[in-house]
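Asker: My questions all concern the structure below.
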Amino acid sequence: MERAMTDMPDTETVLTDLARAIAGKQGTEALQAAVEVLKRAIPRYTWVGIYLLEGGELVLGPYLGKPSPHTRIPIGKGVCGAAAREAHTIIVPDVNADPRYLACSLETRWEIVVPISRDGSVIGEIDIDSDLPSAFGAADRELLERAAAIIAGKI
Ligand code: SME
5 MERAMTDMPD TETVLTDLAR AIAGKQGTEA LQAAVEVLKR AIPRYTWVGI YLLEGGELVL
65 GPYLGKPSPH TRIPIGKGVC GAAAREAHTI IVPDVNADPR YLACSLETRW EIVVPISRDG
125 SVIGEIDIDS DLPSAFGAAD RELLERAAAI IAGKI
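For the sequence shown, the positions run 5 to 159 when the working numbering is used.
Right, dumping it as structure tokens:
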């Protein structure tokens with residue numbers, strides 16, 4: 005958690021930048037801008053992507069990082085599918101120790117998946133991987149849950 009605390013930018017600043025970046029944009033263009041703001045603000049976020057729920061599957065939308073083989077994930081599969089089914093944030097501190105994990109990169113150590121909901125239903129999620137040994141803490145959860153609420157209005 006130490007690293008998460010030391011290089012965490014101010015949450016309000018990141019959210020203001022996010023809101024500004026997506027203002028006047030909708031859909032893929034807004035999601036792309038959101039991914040760019042989060043990736044740039046927090047270098048610890050090695051891979052940042054947004055999945056959208058389409059017909060019972062999570063479909064990969066805009067992302068920054070290495071291409072992922074998991075472009076479509078059924079609800080219930082992987083950490084992403086679990087977060088969508090359970091409709092709450094999941095933080096995995098050691099992806100190799102979590103049997104749900106679907107590998108995207110051999111370097112990944114941590115993953116956080118934050119559902120994006122509208123009217124009480126999950127419509128997508130923010131998925132972030134980090135290659136660092138200690139990547140995500142309470143501040144990341146707060147930032148990303150608030151970011152998800154902002155992004156929800158653009159989907
Ligand atoms: N690790 C995810 C799959 C998506 S890639 O990390 C981009 C999972 O277990 O659902």
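Ideal placement from N, C-alpha and C gives every residue a C-beta, glycine not left out.
To which residues of the same chain is isoleucine 188 closer than 6 angstroms at the C-beta, ignoring the five residues directly before and after it?
Answerer: Within the shown structure, residues of the chain are numbered from 5 to 159, placing residue 188 beyond reach of any answer.
Asker: If we count Cβ pairs, one from each stretch, closer than 8 angstroms, do we get three or more for the segment 38 to 46 versus the segment 55 to 63?
Answerer: Touching, no.
Asker: Nearest CA to the CA of alanine 153: which residue from Lys29, Ala107 and Val126?
Answerer: Ranking the options by Cα distance to alanine 153, first place goes to Val126.
Asker: Spell out the partners DSSP gives glutamate 16 in its beta bridges.
Answerer: For glutamate 16, which the question treats as bridged, DSSP gives no partner whatsoever.
Asker: Would you report the Cα separation of histidine 74 and valine 63, rounded to the nearest angstrom?
Answerer: Approximately 9 angstroms between the Cα atoms of the pair.
Asker: Of all the CB atoms in chain C, is at least one closer than 8 angstroms to the CB of leucine 68?
Answerer: Absence of chain C from the displayed structure is noted, only one protein chain being present.
Asker: Quick one: residues in its chain with C-beta nearer than 6 angstroms to the C-beta of glycine 80, no 5 flanking neighbours on either side, listed in chain order?
Answerer: Excluding sequence neighbours, glycine 80 sits near Arg89.
Asker: Once the 5 residues before and after glycine 82 are set aside, which same chain residues still bring their CB inside 8 angstroms of it?
Answerer: These residues qualify, in order along the chain: His74, Arg104, Tyr105 and Leu106.
Asker: Who are isoleucine 130's beta bridge partners in DSSP?
Answerer: Isoleucine 130 is bridged to Ile54 and Val118.
Asker: Look at the alpha carbon of methionine 5 and the alpha carbon of serine 138, and state the distance between them as a whole number of angstroms.
Answerer: With a pLDDT of 47 at methionine 5, under the threshold of 50, the modelled position of this residue cannot be trusted, and the question is left open.
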